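Engineer:
In the working numbering, the protein residues as written are 12 to 93.
(1) Using 9 Å as the threshold, is the C-beta distance between residue 56 and residue 22 below it?
(2) Hey, how far is the Cα of residue 48 from the Cα of residue 74?
(3) Of all the CB atoms in chain C, is at least one closer than 9 Å to the CB of residue 77?
(4) I'd like the list of long-range same chain contacts for residue 50, defined as Cβ closer than 6 Å, with 5 residues on each side in sequence excluded.
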């Protein structure tokens, strides 16, 4: 979140605290909410707070195809490594 809007983002500390309490037991985190409620921003806050390396992966209709999902995850991971 290194853009101009980041100074206007509300940090949901109570929700981050909940994630922190459960993070060691989780292999993945799923965030659900209606459109425009800040899922992507919250995912970025979690990633910045708890992980040195991370990938934020947004599911689409195409992800119903497992081969597409695997390829997309692989591509994202390689892009972040290189």
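From the three backbone atoms N, C-alpha and C, an ideal C-beta is built for every residue, glycine too.
Note that this is a predicted model, so its numbers are computed, not measured.
Structural biologist: In short:
(1) Position 45 of the chain shown, counted from the start, is the residue given in the question as residue 56. Position 11 of the chain shown, counted from the start, is the residue given in the question as residue 22. Taking 9 Å as the Cβ cut-off, residue 56 and residue 22 qualify as a contacting pair.
(2) Position 37 of the chain shown, counting from 1, holds the residue named residue 48. Position 63 of the chain shown, counting from 1, holds the residue named residue 74. Answer to the nearest angstrom: the Cα atoms are 22 Å apart.
(3) The structure shown has no chain C; it contains just one protein chain.
(4) As a first step, residue 50 is located in the chain shown; it is residue number 39 there, counting from the start. Once the five neighbours on either side are set aside, the close Cβ partners of residue 50 are 42 and 44.
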